[in-house]
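All remarks here apply to the structure that follows.
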Amino acid sequence: MSIKEMIREHPQVGADYNEDLAEAVKHAMYCAAICNSCADACSAEPMDMSTCIRKCMDCADICQAVSRVAARRTAGNTVVIKSLLEACVIACKICAEECAKHDNAHCKRCEKMCRECFEDCVKALQGMQEAALS
Numbered sequence: 001m002s003i004k005e006m007i008r009e010h011p012q013v014g015a016d017y018n019e020d021l022a023e024a025v026k027h028a029m030y031c032a033a034i035c036n037s038c039a040d041a042c043s044a045e046p047m048d049m050s051t052c053i054r055k056c057m058d059c060a061d062i063c064q065a066v067s068r069v070a071a072r073r074t075a076g077n078t079v080v081i082k083s084l085l086e087a088c089v090i091a092c093k094i095c096a097e098e099c100a101k102h103d104n105a106h107c108k109r110c111e112k113m114c115r116e117c118f119e120d121c122v123k124a125l126q127g128m129q130e131a132a133l134s
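Its first residue numbered 1, the sequence shown is counted upward by one per residue in my numbering.
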């Protein structure tokens, strides 16, 4: 099953399908799960990982919001979607930078996912802004 196919098949999408936005939705879903898992793994580390846990949890929540709101295509709420994408870019950047400070596999994986999600959200934002100018 693919969220991108689900979005494409929505009755109100049609020719307005936005591949970059659909990719951002997909990666935001993955990023939310990975950040949540990283926060949990950080809680099991012997050192104080409270800052990393907080940043991972914040990022997970924002990514989850992006994946839910941007997947809704009825009467597209583009102002809110753009705002959430902007917040996701910030949260992913902050989380990736924090995870990069730690030398463990779960933080390295989380950093990589956050960077991918960051890039996809930037692309989706650019595409939405270009479409608005057309």
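Where a beta carbon is used, it is the ideal one built from N, C-alpha and C, also for glycine.
query = Who are the near neighbours of K123 in its chain, counting only those whose CB is closer than 6 Å to its CB and skipping five residues on each side?
reply = Position 123 of the sequence shown, counting from 1, holds the residue named residue 123. The residues are D20.
key: Closest Cα partner of A131 within the set E119, I94, T78 and C42   = As a position in the sequence shown, residue 131 is number 131, starting the count at 1. Of the listed residues, the one whose Cα sits closest to A131 is T78.
task = Identify, in the order they occur along the chain, each residue of the same chain with its Cβ nearer than 6 Å to the Cβ of C62, setting aside the five sequence neighbours on each side.
result = Within the sequence shown, numbered from 1, the residue matching residue 62 stands at position 62. In the sequence under discussion, the amino acid at residue 62 is Ile, which differs from the Cys named in the question. Hits under 6 Å: A87, C88 and A91.
request  = Please say whether C107 and C52 have beta carbons closer to each other than 8 Å?
outcome  = Position 52 of the sequence shown, counted from the first residue, corresponds to residue 52. Position 107 of the sequence shown, counted from the first residue, corresponds to residue 107. For C52 and C107, yes; Cβs fall inside 8 Å.
ask   = In terms of residue numbering, what span does the alpha helix (DSSP H) encompassing H27 cover?
value = Counting from one through the sequence shown, the residue named residue 27 turns up at place 27. Element bounds for H27: E19 to S43.
request  = Answer with buried or exposed for E23, where buried requires no fewer than 16 other C-beta atoms within 10 angstroms of its C-beta.
outcome  = Counted from its first residue, the sequence shown places residue 23 at position 23. Its Cβ being crowded by 16 or more others within 10 Å, E23 is buried.
task = Identify the continuous alpha helix (DSSP H) that holds K101 and give its terminal residues.
result = Working through the sequence shown from its first residue, we reach residue 101 at position 101. For K101, there is no enclosing alpha helix (DSSP H), as DSSP gives it neither H nor E.
request  = Using three-state DSSP, classify S67 as helix, strand or coil.
outcome  = Position 67 of the sequence shown, counted from the first residue, corresponds to residue 67. In the structure shown, S67 adopts helical secondary structure according to DSSP, grouped into three states.
query = Can the beta-carbon of V25 be found less than 8 Å from the beta-carbon of A70?
reply = Residue mapping note: residue 25 aligns to position 25 of the sequence shown, counting from 1. Residue mapping note: residue 70 aligns to position 70 of the sequence shown, counting from 1. Less than 8 Å separates the beta-carbon of V25 from that of A70.
inquiry  = Can you look up M47 in the DSSP assignment and give me helix, strand or coil?
reply    = As a first step, residue 47 must be located in the sequence shown, where it is residue number 47. DSSP places M47 in coil when its eight states are reduced to three.
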